[in-house]
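The structure appears below as structure tokens.
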Amino acid sequence: MSYRSLRECVDDLAATGQLVTIDQEIDPRLEAAEIQRRVFAAGGPAIYFARVRGTSFPMVSNLFGTIDRARFIFRHTLDGVRRLIAMKADPEVALRHPLRALAATGTALAMRPRRVRNGPVLTHQTTIGQLPQQQSWPDDGGAFIMLPQVYTEDADRPGMAHSNLGMYRIQLSGGRYEANREIGLHYQIHRGIGVHHAAALKRGVPFRVNVFVGGPPAMNLAAVMPLPEGLSELRFAGALMGRRVRMIDRGDGTLPIHADADFCITGTVDPHKQLPEGPFGDHLGYYSLAHDFPVLRVEHVYHRSDAIWPFTVVGRPPQEDTIFGELIHDLTGPLIPTVIPGVKAVHAVDAAGVHPLLLAIGSERYTPYARLERPQELLTQANAILGQGQLSLAKYLWIAAADEAARLDIHDIPAFFAYMLARVDWTRDLHFQTATTIDTLDYSGSGLNEGSKVVIAAAGPVRRTLPNEVPSDLKLPPGWTEPRLAMPGVLVVRGPAAAEVSNLEATCGDMGPREIGGFPLVVVVDDSQFAAASLANFLWVTFTRSNPAADIGGSGAFVRQKHWGCTGSLVIDARRKPHHAPPLEPDAETVRRVDQLAARGGPLHGII
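Quick note on the working numbering: the sequence shown kicks off at 4 and runs consecutively.
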């Protein structure tokens with residue numbers, strides 16, 4: 004059995020040497036976040052902040068800071084959840100391994116929430132202003148809840164069976180919110196809460212929201228799981244806990260409350276009011292700017308006697324949410340072939356901010372009697388991938404044929420790109436979707452939620468040998484300088500500031516019809532030394548700073564039957580544009596304070 008509460012988890016990590024307590028008072032504005040970022044980067048322990056300025060509640064971070072610790076937290080139940088998923092992926096598993104199936108049945112029995120009349124979370128009440136006011140980045144618009152579990156129900160099908168538990172950011176202070184009475188509710192498109200909000204508006208009924216903070220760690224993982232629409236996260240949380248989730252049903256028409264949460268904020272969304280939410284330093288490594296979002300009118304703030312405020316920090320990957328991604332892939336990877344026939348694997352690349360870049364391996368079965376020469380079924384599979392929940396927010400989808408890539412590891416990114424670039428034909432293998440939706444947090448497009456996508460599909464024999472060094476006699480268009488090798492076949496060059504060169508096609512038009520120096524892919528950046536310094540830098544710069552339809556060009560470009568292609572090098576313009584959001588930078592004074600905590604005799608000495 005797993006933990007009944009966050010306190011049990013914290014005590015267990017402390018007893019096993021996986022948690023460090025800081026008794027010195029820590030400022031929740033910037034200082035706690037700077038500590039978290041640096042401890043995570045060092046692969047350090049969970050951190051318990053015993054004294055937090057401005058609040059009586061302790062805080063804890065980095066609970067999921069390493070994959071080993073995350074697996075330790077769920078050590079008693081992960082195998083059972085895997086067995087359940089394996090049976091869904093292949094029902095014959097139950098026939099081949101009946102004892103495993105019997106054990107998985109026990110896990111399934113824990114998936115039904117349990118109704119109770121009371122619980123620890125209702126012991127005390129407080130106000131929004133007395134909660135920890137955690138702020139991660141200097142230009143954030145205020146304090147935010149960083150690990151919220153936002154609970155809603157469907158007005159068309161009320162009840163826990165069709166509820167949604169999601170991790171949507173909550174702004175506690177700042178902006179134009181009325182102190183202690185209003186908080187900001189931000190959610191991205193294609194989220195379950197949006198379906199519930201729309202149903203309430205259509206029916207003209209109050210849209211009630213409960214925000215849980217803390218509780219058993221399984222609730223946090225459940226809140227970020229990409230579950231099929233209509234499958235309650237409470238059921239998954241029960242499986243992961245090995246016991247039924249206790250939900251307080253007071254029988255008065257209000258939403259159920261998680262009995263074992265550390266905190267619960269209850270409220271109703273004002274149907275006639277939206278206020279600017281943000282800015283907020285987000286997981287792409289840039290600020291998401293202030294935009295109008297729903298306002299939650301706060302009714303009650305409950306907390307248990309031994310309440311702990313858990314938090315994390317997001318920013319340029321990797322951060323702690325990277326570990327969530329690893330766990331999710333570990334659990335759901337076997338389901339991919341059952342959800343999308345023909346697709347063998349999909350990898351949302353964390354270093355590129357997850358949503359901007361997907362890599363996939365598919366299969367070609369349309370003409371098994373003929374020698375494979377070009378993508379066919381891959382394009383059908385690509386469309387199916389882009390129709391799946393959060394995968395639909397991807398901007399770049401690179402997909403290779405498994406028939407020729409049987410040994411290709413989708414997580415070996417340099418090898419995957421090398422395989423693709425050796426085979427891709429830029430005259431036929433680029434497929435754009437223009438004027439469509441992208442991630443709410445991605446500002447590379449033409450407006451909020453607005454941008455484009457491109458599918459790059461590669462199949463067939465090797466077409467070219469990839470250069471693995473920059474030729475000494477390389478000739479570049481005027482203004483392109485400092486060429487560097489990012490990986491075989493990929494050249495990054497420094498271009499003039501994007502504001503000075505608005506027409507990428509005109510520049511590419513001067514390049515002639517052939518590949519530059521034999522490189523099939525050229526990326527124009529602001530700082531080629533930085534972009535080529537590491538794979539992580541290349542992925543982050545290239546795919547967070549470009550909008551495919553606007554920022555892809557190429558030598559020998561043409562349009563034929565409304566299909567765009569090029570005969571030479573493909574060029575991606577990954578320079579920062581005037582409309583892009585600013586990147587995240589830490590506060591210098593806060594960095595100095597944390598340096599002191601890490602000095603000899605300080606509580607973080609030897610940890611960061």
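Glycine included, each C-beta is placed from N, C-alpha and C at the ideal position.
Give the DSSP-derived three-state secondary structure of residue i in the structure shown.
i	result
L241	Reading off the sequence, residue 241 comes out as Gly, not Leu. Three-state result, G241: helix.
I413	coil
Y51	strand
P220	helix
K205	helix
H332	helix
N386	helix
E11	helix
S291	strand
H608	coil
S64	strand
Y422	helix
R85	helix
A602	coil
T269	strand
D285	coil
P274	strand
V42	helix
L102	Any reading at L102 must be qualified, since the residue scores a pLDDT of 49, below 50, and its modelled position is unreliable; no value is offered.
P229	coil
I251	strand
E280	strand
V574	strand
V357	coil
Using the beta-carbon count (16 or more within 10 Å), is residue i buried or exposed?
i	result
D265	buried
P151	buried
K398	buried
L22	buried
I3	A query on residue 3 cannot be resolved here, the shown segment of the chain reaching from 4 to 611 and no further.
H306	buried
L299	buried
A262	buried
R160	exposed
Y369	exposed
E302	exposed
G281	buried
Could you tell me the alpha carbon to alpha carbon distance between residue i and residue j, rounded to whole angstroms?
i	j	result
A404	L381	7 Å
V544	V528	8 Å
L16	Q379	51 Å
C569	Q391	30 Å
C267	Y6	19 Å
W567	T155	44 Å
P229	A221	14 Å
G356	R548	11 Å
P3	G68	Given that the chain is displayed from residue 4 to residue 611, the structure contains no residue 3 and the question cannot be resolved.
L394	I388	6 Å
Y51	P474	53 Å
V1	A18	Because the chain in this structure spans residues 4 to 611, residue 1 falls outside the shown range and cannot be described.
I331	L479	43 Å
R487	D476	13 Å
R10	S64	13 Å
F314	I148	7 Å
G492	G144	42 Å
G450	K580	13 Å
H199	P297	13 Å
V352	S8	32 Å
Residue i and residue j look like a contact to me (Cβ under 8 Å); what is the Cβ gap, rounded to whole Å?
i	j	result
G448	I441	5 Å
R179	P279	7 Å
A363	I402	4 Å
G559	E508	With a Cβ gap of about 12 Å, G559 and E508 do not count as contacting.
R118	A158	Between A158 and R118 the Cβ distance is about 20 Å, and since that is not below 8 Å, they are no contact.
A146	G217	Actually they do not touch by this definition, with Cβ atoms about 16 Å apart.
H358	Y446	Not quite, the Cβ-Cβ distance comes to about 13 Å (not below 8 Å), so this is no contact.
A489	A534	7 Å
T335	I88	7 Å
A36	I29	Incorrect: roughly 10 Å between the Cβ atoms, too far for contact.
Any chance you could list the beta strand (DSSP E) runs of at least 3 consecutive residues sitting entirely within the segment 443-491, in chain order? 453-461, 484-490
Identify every run of the beta strand (DSSP E) within the segment 125-188, keeping only runs that are complete inside it and at least 3 residues long; order them along the chain. 151-155, 167-169, 185-188
Any chance you could list the beta strand (DSSP E) runs of at least 3 consecutive residues sitting entirely within the segment 493-532, in chain order? Given a length threshold of 3 residues, each whole run of the beta strand (DSSP E) inside the segment 493-532 is given here in chain order: 493-497, 524-528.
In the segment 291-322, which residue ranges form an unbroken alpha helix (DSSP H) of at least 4 residues, counting only runs that do not cross its ends? Entirely contained in the segment 291-322, not one alpha helix (DSSP H) run reaches 4 residues.
Quick one: which unbroken beta strand (DSSP E) runs of 3-plus residues sit fully inside the segment 541-593? Chain order, please. 555-557, 560-563, 566-569, 573-576
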